[in-house]
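Protein sequence lines correspond, in order, to chains A and B.
Under full-length UniProt numbering, think of the first position of the first sequence as 1, with each following residue one higher.
Under full-length UniProt numbering, think of the first position of the second sequence as 1, with each following residue one higher.
The beta carbon of each residue, even a glycine, is placed where N, CA and C say it ideally should be.
Here the structure comes first, spelled out in structure tokens, and everything after it is commentary.
2 protein chains.
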Amino acid sequence: MRKGAETRERILEIAETSVLAKGFGATSIEEVIAEAGITKSGFFYHFKDKNELARALMLRYVEENDRIFDDVFHRGRQLSDDPLQSFLITLKLLAELMGDLPNGHPGCLIATFTYQERLFDRSVRDIATTAVRSWNGRFSDALNEIAAVYPARKGMDLEDVAIMFSCVIDGGIIMSRGLGDPRVLERQILAFRSFVKMLFAPAAPEIMLPPTAIAAE
Amino acid sequence: MRKGAETRERILEIAETSVLAKGFGATSIEEVIAEAGITKSGFFYHFKDKNELARALMLRYVEENDRIFDDVFHRGRQLSDDPLQSFLITLKLLAELMGDLPNGHPGCLIATFTYQERLFDRSVRDIATTAVRSWNGRFSDALNEIAAVYPARKGMDLEDVAIMFSCVIDGGIIMSRGLGDPRVLERQILAFRSFVKMLFAPAAPEIMLPPTAIAAE
DNA sequence: GTGAAAACCATACCGCCGGTACAGTAGATT
DNA sequence: AATCTACTGTACCGGCGGTATGGTTTTCAC
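Take a look at the structure:
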């Protein structure tokens, strides 16, 4: 029982690394089981086919990410009562988190999967869509809370700004890899953070940095 | 000779569509040749192995993208002498271009390939890296030209802003697919455009829209 | 400690695919 | 007429996803 969960977890860990490096289609079960030290029968005991592996990978990734966002948003709210400061702190914490990864961000499973959608059935894609919507909703809520206190610049849809954050993260991961510089992602999140600051503090930036701000520079 | 180039092009077109939908590893040569109406021997006459197909796809994609950027930057410069207006027009043209695609953007080959790097040899990856650097350089140059005329906000590295545009495009493509809404990409480019406007026109937005601006709203 | 369920292993097999090899050919070019 | 281009046809190899089936060990509940 516990041992079964451990093996399952090990399979998922190995598979995720491979998927993020070669893609799902090029990730062979044989290779995964070789690294996990089990047999093919052992693999198919845990996952009835490759699609179920995909679904499990997706679920695992989404849950892990939810935990991270929960944590970082929670700490942001703890460190300031002001919604803007709170969000800026959250962004800084996230940037630090990304920057502290030794070999850069391992990659976003959602991104890989959207570029291989034809390989999965609807259930897998639905998990991804739901997760993305929920994360965007989180950012959107945070921005709307800020806008209720501070007047936002006109002509900017906050929903689009929320989605842009997801774009910057996924794009930042790709650019980090493509340019071979792991720090790009961290810098991108901080650049986005600066834009958020600009968005809500157009005229007098000094006013926007009350002494309650802790992590905000 | 001409016929050979035509067949080669047809193979590349079919392969690219498949790669963007299923990934490179899951794109089978058999499937490509079936759709192209040729035999396996015919395929290997044009490409000595799958890696050479990857390289050809990459080169083709990079060249096509270069042409698009050449065109859209050129038109931007034609429509205004002011570097800021010129860049804003370019961004708007690009957004329109993306929005006019009937089924949304087909996908960025660079993005797929960076998520499948282990499948390709160095030459393919080098093409991608060089291309990304050159595009970022383009945006960076444009931003620096603007900064020479308009004072940019402090605390923002223009290099990061340039890279962010690439992030927004690649991220926007992923989000468009993931959310099932092709218009997300267009909206993201326009949102980034608004940020650029904010970056260089902090105090008085009205001044930044002289009558010379044509496409700028 | 025993019995049952969980967590595997061993073996054999199918069909598809990437890739190689090699021989042949229709049509355009020179 | 000879040559080159752009293929077709056939045959083969090994690896992989996936199925099937039967056996074995480990773990846990009672």
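- Neighbourhood of residue 188 of chain A in chain B, by CB distance below 8 Å: 160, 163, 164 and 167, in chain order.
- Taking a Cβ-Cβ cut-off of 7 Å, the neighbours of residue 22 of chain A in chain B comprise 25, 116, 118 and 119, given in sequence order.
- With respect to residue 115 of chain B, residue 23 of chain A sits close: the two C-beta atoms are nearer than 8 Å.
- When C-beta distances to chain A are compared with 8 Å, every residue of the region 63–81 of chain B stays at or above that value.
- Excluding five sequence positions before and after residue 117 of chain B, the CB atoms of its chain that fall closer than 8 Å to its own CB belong to 125, given in chain order.
- Here the region 125–137 of chain B makes contact with the region 178–195 of chain A; the two share three or more CB pairs at distances below 8 Å.
- Along the length of the region 108–190 of chain B, whole alpha helix (DSSP H) runs at least 4 residues long occupy 109–114, 122–149 and 158–179, reported in chain order.
- Distance from the CA of residue 92 of chain B to the CA of residue 198 of chain A, rounded to the nearest whole angstrom, comes to 21 Å.
- Around the beta carbon of residue 45 of chain A, a 10 Å sphere encloses fewer than 16 other beta carbons of the protein chains shown; the residue is thus reported as exposed.
- Look at residue 60 of chain B: its C-beta is not under 8 Å from any C-beta on chain A.
- Around the beta carbon of residue 187 of chain A, a 10 Å sphere encloses 16 or more other beta carbons of the protein chains shown; the residue is thus reported as buried.
- Per DSSP, reduced to three states, the secondary structure at residue 83 of chain A is helical.
- Under the three-state reduction of DSSP output, residue 23 of chain A falls in the coil class, being neither helix nor strand.
- Note on the UniProt domain "HTH tetR-type" (5–65) of chain A: whole alpha helix (DSSP H) runs with a minimum of 4 residues are 29–36 and 40–46, in chain order.
- Classified as exposed, residue 42 of chain B has fewer than 16 neighbouring CB atoms from the shown chains inside 10 Å of its CB.
- Taking residue 64 of chain A as the centre and dropping the five residues before and after it, the same chain places no C-beta closer than 8 Å to its C-beta.
- For the pair residue 146 of chain B and residue 200 of chain B, the CB atoms are nearer than the 8 Å cut-off.
- Residues of the UniProt DNA-binding region "H-T-H motif" (28–47) of chain B whose Cβ lies closer than 8 Å to any Cβ of chain A: none.
- Put simply, of B:8, B:86 and B:184 the residue whose alpha carbon is nearest the alpha carbon of residue 57 of chain B is B:8.
- With respect to the 8 Å criterion, residue 60 of chain A and residue 12 of chain A are classified as neighbours on the basis of their beta carbons.
- Take the alpha-carbon of residue 48 of chain A and the one of residue 106 of chain A: they are about 27 Å apart.
- Across the set B:20, B:69 and B:173, the C-alpha of B:173 shows the shortest separation from the C-alpha of residue 99 of chain B.
- Nearest in C-alpha terms to residue 77 of chain B, of all of B:53, B:62, B:142 and B:119, is B:142.
- At least 8 Å separates the beta-carbon of residue 169 of chain B from that of residue 62 of chain B.
- Here residue 171 of chain B has 188 as same chain residues with Cβ atoms under 8 Å from its own Cβ, once five neighbours each way along the sequence are excluded.
- Contact note: residue 156 of chain A reaches chain B through 191, 194, 195 and 198, using a C-beta cutoff of 9 Å and chain order.
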